[in-house]
Amino acid sequence: MLSQWILIGTVLSGIAVSLLSFAVGTPAEIALKAENEALYNQLEDTRSTISYLDEQIATLADTDEELYRTMLGIDPLDEEERQAGIGGADLYSDFDAYSESSSELLRWTASSLESMERRINIQQVSFKEIKAHYNENKELMSNIPAIRPVSGIILSGYGMREHPVLGYRRMHHGVDFRARIGTPVFATGDGVVKSARRHGTYGLLLTIDHGHGYETRYAHLSEVKNDLSPGDKVQRGDIIAKSGNSGVTSGPHLHYEVHRNGRSVDPMDYMFADLTPDEYIEYRRIADSNPMSMD
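The numbering of the sequence shown is numbering that gives the first Met the number 0, which starts it at 0 and goes up by one.
Okay, here's the thing in structure tokens:
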């Protein structure tokens, strides 16, 4: 009787193992499934990395067009050049043999990588053109106002801002830097002193002509370097004045403007010589987030 029950138990166990293998898979199939899931998850992680890199390439392209090419007077690349080769025959039909989700992910990954490679190659060619143009125009680059005028952090940015004293919104033609009275102010590019005088709400104002259509203005000063007068040459990094609280302001700071061809432009677009990318992002965040100017 006991041997009969043992036989029955052995048979039932065999059936159970067979059913489990059918439902779950053999050890080899289980291992393969786990490996496939791991690879799929890795591809999903790669998707995030590719998206981030794609954003960085787009930022490089924007900087290329809006800053380097604009400053150096180089014609921008048209959209067809930047998007060269996109579209055409389906190169990824082999992926259709996989599941819908895997096929979609593989197609997206392969297509994105190919697009990134193409755009990087175009950007490399563009930068070579910019470098060659720069080598031919080094004087222009030394004249461009490319550093911060003071070492303080930015308080308010360029654009429509509420005036802290007058109480209404108006165009803020520059940026405001935190600066105690007497803080050294630096020339942001090579140039010639155009004027140094009292000027309405700006208080004591120093203006430098950098040539090539560029002009910078430094406002609310406490004093201008005593040996500077109109016509004097200055170099980038020279101390030209000390910050103050003159004119109409809500407190001591430096108001700084960049003008090109007679029109004010955002000075943040030109501070590329002494700001790291992380510093630039932080400066831009602060500049854009403050709805009120200091003057």
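Idealized CB from N, CA, C, for every residue including glycine.
Because the structure is a prediction, the values reported are computed rather than measured.
query	result
If you reduce the DSSP assignment to three classes, tell me which class L139 lands in.	helix
Tell me whether the beta-carbon of R118 lies closer than 7 Å to the beta-carbon of I180.	no
Measuring alpha carbon to alpha carbon, tell me which residue in T275, R284, D287 and L227 is nearest L204.	L227
Name the residue from T187, E113, I73 and E116 whose alpha carbon lies nearest to the alpha carbon of A131.	I73
In whole angstroms, what separates the C-alpha of V124 from that of A60?	12 Å
Among the candidates Y279, H252, P266 and A109, whose CA atom is the shortest distance from the CA of R177?	H252
Please state if the CB of R235 and the CB of D268 are separated by a distance shorter than 7 Å.	no
Please classify L154: is it buried, with 16 or more other beta-carbons within 10 angstroms of its beta-carbon, or exposed?	buried
Please state if the CB of S221 and the CB of K241 are separated by a distance shorter than 7 Å.	yes
Within its chain, find whatever has a CB closer than 6 Å to the CB of H258; leave out the 5 residues flanking it on each side and keep chain order.	E214
For R284, which beta-bridge partners are listed by DSSP?	Partner(s): none; R284 has no beta bridge.
Helix, strand or coil: how does DSSP classify V124 here?	helix
Could you tell me the alpha carbon to alpha carbon distance between D287 and I152, rounded to whole angstroms?	14 Å
Where does L253 fall in DSSP's three states?	strand
Find out if the Cβ-Cβ distance for the pair S110, H172 is shorter than 7 Å.	no
Compare the beta carbon distance of Y201 and A218 with 7 Å and say whether it is the shorter of the two.	yes
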